[in-house]
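Visitor: Chains as they are written, first to last, in our numbering: chain B, 1 to 158; chain D, 1001 to 1106; chain A, 2001 to 2307.
Glycine included, each C-beta is placed from N, C-alpha and C at the ideal position.
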Amino acid sequence: MDRNRSRRQILKTAGALAGCGVLLRLSIRPAAATPEMMKDAVRSVIGKAPVKKGKVKLDLPPLVENGNSVSCTVSVESPMTADDYVKAIHVFNEKNPQPNVISVKLGPRAGRASFSTRIRLADSQTVTAIAELSDGSFWSDDIDVIVTLAACIEESMH
Amino acid sequence: MARALIHVPASAKKGDVIEIKTLISHVMETGYRIGVTGQPIPRDIIDDFVCTYNGEEVFHATLYPAIAANPYISFFTVATESGTLAFSWTDQHGATQVQTAAITVE
Amino acid sequence: MRSAVLRVAGLLMRSPSPQRGEGWGEGDRASRQEPPHPALSPLGRGSSERLVIAMVFISAFFCSVGTRAADIPLDQRRSDSDFVSADTRAMQSDDTANPAMLAVLDGETLWNTKAGATNKSCADCHGDAAKSMKGIAARYPAFAAELGRPIDLEQQINLSRVTDQKAEALPFESKELLALTAYIARQSRGMPVAVKDDAQAKPFIDAGRALFEQRQGQLDLSCAQCHDDNWGKKLAGNLVPQAMATGYPIYRLEWQEVGSLQRRLRNCMSGMRAEPYDFGAPELVNLEYFLMWRARGMTMESPAVRP
């Protein structure tokens, strides 16, 4: 009796999983990045080093008009001298299909560790900026952003 | 050749930290949008942007699909000497476009 | 009761408008009467309900045929830029950051490119656009004598190409036509909107007004209900502007590219679940004419950035 029940259990579970697989394949929306994927992306870029909050200022509007284009500025406190400068700045997100946004390489010639760009945000989420300093330390800042969409969406033109 | 707009101050004092603004026309197709056929439109993005100052790299960015269409990037550099700033954008297929701007540093 | 009606309709939500200061109160709009939506009945059944419904219908009828909510008073008109986020405004005001400027540069190149059987460029006849096109976009749509009706700037560009350059007309919303439109419109930046509203124009402006005020589509909404009666309120997270068309062609964040006023109007009509008119339709030109007349005297800001 127990063997039959466990066999039925396995078949039921397998059937449910197969059903889920079919649903996933039929879905047209790409899987969004998860906070875990973002953590993995962060690790792959900065290794196992600890990341401290501070020194970095990530500027994003808290309420976004349209996720297609969001102004993003990252600034890092640093004298940007030959001995003490920002080597790199990385920006990550947690809900777009991909966790990376931009990676910037800097040096003392930058004069100021700051850059601006415009990014895409697929949904309300947390965006994180991580700076790597010349002494090997990592610093970060993050912002929660609410993304709303434009009201009247047109039909496809192309 | 994609249209690009670059703003570099025409002149600066030696040691000044100057702001450079760049804008280039590019669809930055993410590869996730579904087209009218029901199939995703293939990814087509600029994934590399470099600025050199008289040949020396002073800024380098790796771009991902999360960068908005018509990428705008502004950054800073120290005005060290007169010369040429060269900006190159490379797409995922390896095609590169270069544009230059002159600067006078006194 | 009015707010209950609106909430039931689920269309518009009240919220304090930052542009008008916190706690935007009833007092600001006490002078404006809004017709109740005849399709909704918040009351229960009964003979008194029928009387109220009749009164509602009659009042809505009168409101819809002439004594409708007034046009926005001239001194209360504000640019659509006032209703976008600070970041979007900043993007528009910086020519190096405004993506529409890429189209303007393309337009400058096209302006100087020879075309058609005549092998002439726009510049060959019109010279320096900064001089010859100054103020032009501010007075379109304009009556085209050869066609006996008004045309907008895009149609005028094509008319000149076909008639004077002996070149092919550029398709609506093509990169080239938008580039030329953006370049020419840029030359009117800072100037007041000055479309003609003489006796010849009046029937077309009136036709445009009728379209603006006409309820349409599955949502049975008119342009006026949002843009005259409920500007400054929120719709799906964004502020409803007055729809003063002073910045076209625009870089719309939703499109991730530059587009014309006609494209934007077609978007709105789709959004209202109405069948949009085709590009170039006289209805759209009449509506454009009315919109520009409605914005008369306001400052041109082409090319603008909008969400």
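Mind listing which residues of the segment 1074–1094 of chain D have their C-beta closer than 9 Å to chain B's C-betas, in chain order?
Guide: Under the 9 Å Cβ criterion, the segment 1074–1094 of chain D contributes 1074, 1075, 1076, 1077, 1078, 1079 and 1080.
Visitor: On the premise that residue 1020 (chain D) lies in contact with residue 1008 (chain D), defined as a C-beta separation below 8 Å, what is that separation, rounded to the nearest angstrom?
Guide: That belief holds up - the Cβ atoms of residue 1008 (chain D) and residue 1020 (chain D) are roughly 5 Å apart, short of 8 Å.
Visitor: Buried or exposed: residue 2125 (chain A), going by 16 or more other Cβ atoms within 10 Å of its Cβ?
Guide: Looking at its Cβ environment, which holds fewer than 16 other Cβ atoms inside 10 Å, residue 2125 (chain A) is exposed.
Visitor: How do the segment 2264–2283 of chain A and the segment 2090–2102 of chain A stand: do at least 3 beta-carbon pairs fall below 8 Å, yes or no?
Guide: The answer is no - the segment 2090–2102 of chain A does not touch the segment 2264–2283 of chain A, with fewer than three Cβ pairs under 8 Å.
Visitor: Please classify residue 2171 (chain A) as buried or exposed, where buried requires at least 16 neighbouring CB atoms within 10 angstroms.
Guide: Residue 2171 (chain A) is exposed by the Cβ-count criterion.
Visitor: Please list the partners that residue 77 (chain B) has in chain A, where partner means a Cβ-to-Cβ separation under 7 Å.
Guide: Near residue 77 (chain B) there are no residues of chain A at all, since even the closest Cβ is about 23 Å away, more than 7 Å.
Visitor: Which of the three DSSP states, helix, strand or coil, is assigned to residue 1046 (chain D)?
Guide: Strand.
Visitor: Less than 6 Å between C-beta atoms, sequence neighbours within five positions excluded: which residues of the same chain meet that for residue 2015 (chain A)?
Guide: Confidence at residue 2015 (chain A) is low in this model, with a pLDDT of 40, below 50, so its placement is unreliable and the value that follows should be read with caution. So the list reads 2234, once near-sequence residues are dropped.
Visitor: Which first and last residues belong to the beta strand (DSSP E) in which residue 2149 (chain A) is found?
Guide: Per DSSP, residue 2149 (chain A) belongs to the beta strand (DSSP E) from 2149–2151.
Visitor: Return the CA-CA distance between residue 2261 (chain A) and residue 1011 (chain D), expressed in angstroms with no decimal places.
Guide: Residue 2261 (chain A) and residue 1011 (chain D): Cα-Cα distance of roughly 40 Å.
Visitor: Run down chain D in chain order and give the residues with a C-beta less than 7 Å from the C-beta of residue 97 (chain B).
Guide: Neighbours of residue 97 (chain B) on chain D, chain order: 1032.
Visitor: Could you tell me whether the segment 2176–2191 of chain A touches the segment 2143–2160 of chain A, using the rule of 3 or more Cβ pairs below 8 Å?
Guide: The answer is yes - the segment 2143–2160 of chain A touches the segment 2176–2191 of chain A, with three or more Cβ pairs under 8 Å.
Visitor: By the criterion of Cβ-Cβ separation under 7 Å, what are the contact partners of residue 2256 (chain A) in chain B?
Guide: By Cβ distance, chain B contributes 68.
Visitor: With burial defined as no fewer than 16 other Cβ atoms inside 10 Å of the residue's Cβ, what is the status of residue 2022 (chain A): buried or exposed?
Guide: Note that residue 2022 (chain A) scores 36 on pLDDT, short of 50, meaning its location in the model is unreliable; the coordinates nonetheless yield the value given after this. Under this definition residue 2022 (chain A) is an exposed residue.
Visitor: Under 7 Å, CB to CB, which of the residues in the segment 126–147 of chain B have a partner in chain D?
Guide: Those would be none; no residue qualifies.
Visitor: Using 8 Å as the limit for Cβ to Cβ distance, is residue 2087 (chain A) near chain B?
Guide: So yes, residue 2087 (chain A) belongs to the interface.
Visitor: Would you list, in sequence order, the uninterrupted beta strand (DSSP E) runs of no fewer than 3 residues that lie entirely inside the segment 2241–2270 of chain A?
Guide: Entirely contained in the segment 2241–2270 of chain A, the beta strand (DSSP E) runs reaching 3 residues are, in chain order, 2250–2252 and 2257–2259.
Visitor: Could you compute how far the alpha carbon of residue 2239 (chain A) sits from the alpha carbon of residue 100 (chain B)?
Guide: For residue 2239 (chain A) and residue 100 (chain B), the distance between alpha carbons rounds to 31 Å.
Visitor: Hey, is residue 1007 (chain D)'s beta-carbon within less than 8 Å of any beta-carbon in chain A?
Guide: For residue 1007 (chain D), the answer is yes, since a Cβ of chain A falls inside 8 Å of its Cβ.
Visitor: How far does the alpha helix (DSSP H) with residue 2177 (chain A) in it extend, from its first residue to its last?
Guide: Taken as a continuous stretch (DSSP letters only), the alpha helix (DSSP H) holding residue 2177 (chain A) covers 2175–2186.
Visitor: Of all Cβ atoms in chain B, is any one closer than 8 Å to the Cβ of residue 2022 (chain A)?
Guide: For residue 2022 (chain A), the predicted structure reports a pLDDT of 36, less than 50, and the residue's modelled location is therefore unreliable. A value from the coordinates is still provided. By this cut-off, residue 2022 (chain A) is not an interface position.
Visitor: Secondary structure at residue 43 (chain B), three-state DSSP: helix, strand or coil?
Guide: Here residue 43 (chain B) sits in helix by DSSP.
Visitor: How is the alpha helix (DSSP H) around residue 2289 (chain A) delimited, first residue to last?
Guide: Note, residue 2289 (chain A): alpha helix (DSSP H), 2282–2294.
Visitor: Given that residue 1065 (chain D) touches chain B, what residues does it touch there, using C-beta distances under 7 Å?
Guide: Residues of chain B passing the Cβ test: 98.
Visitor: Is residue 2039 (chain A) helix, strand or coil when you go by DSSP?
Guide: At residue 2039 (chain A), the pLDDT of 42 sits below 50, so the modelled position is not reliable and the matter cannot be decided from this model.
Visitor: If you scan the segment 1043–1104 of chain D from start to end, which runs of the beta strand (DSSP E) of 3 or more residues do you find wholly inside it?
Guide: 1046–1053, 1056–1063, 1072–1078 and 1083–1091, all fully within the segment 1043–1104 of chain D.
Visitor: Span of the beta strand (DSSP E) holding residue 119 (chain B)?
Guide: Start and end: 114–119.
Visitor: Could you give the distance in angstroms between the alpha-carbon of residue 2031 (chain A) and the alpha-carbon of residue 2078 (chain A)?
Guide: Residue confidence for residue 2031 (chain A) is low, a pLDDT of 39 falling below 50, so the modelled location carries little weight; the figure read from the coordinates is stated next. Taking the straight line joining both Cα atoms gives about 19 Å.
Visitor: Determine, for residue 1021 (chain D), whether the minimum Cβ-Cβ distance to residues of chain A falls below 8 Å.
Guide: Taking Cβ atoms only, chain A reaches closer than 8 Å to residue 1021 (chain D), which makes this a yes.
Visitor: Counting Cβ pairs, one atom from each stretch, are 3 or more of them under 8 Å apart for the segment 1039–1050 of chain D and the segment 1089–1104 of chain D?
Guide: The segment 1039–1050 of chain D vs the segment 1089–1104 of chain D: in contact.
Visitor: Look at the alpha carbon of residue 149 (chain B) and the alpha carbon of residue 61 (chain B), and state the distance between them as a whole number of angstroms.
Guide: Those two C-alpha atoms are separated by around 14 Å.
Visitor: What is the rounded straight-line gap between the Cα of residue 79 (chain B) and the Cα of residue 39 (chain B)?
Guide: C-alpha separation (whole angstroms): 29 Å.
Visitor: Given a limit of 9 Å on CB to CB distance, which residues of the segment 2083–2115 of chain A reach chain D?
Guide: So the close ones are 2091, 2094, 2095, 2096, 2097, 2098, 2099, 2101, 2102, 2103, 2105, 2106 and 2109.
Visitor: Could you have a look at residue 2312 (chain A) and say whether DSSP puts it in helix, strand or coil?
Guide: The shown model of chain A, from 2001 to 2307, leaves out residue 2312 (chain A), and the question about it has no answer.
Visitor: Hey, residue 2165 (chain A) and residue 2120 (chain A): beta-carbon distance below 8 Å or not?
Guide: Result yes, Cβ atoms of residue 2165 (chain A) and residue 2120 (chain A) sit closer than 8 Å.
Visitor: Grouping DSSP H, G and I as helix and E and B as strand, with all else coil, what is residue 2111 (chain A)?
Guide: Correct three-state label for residue 2111 (chain A): helix.
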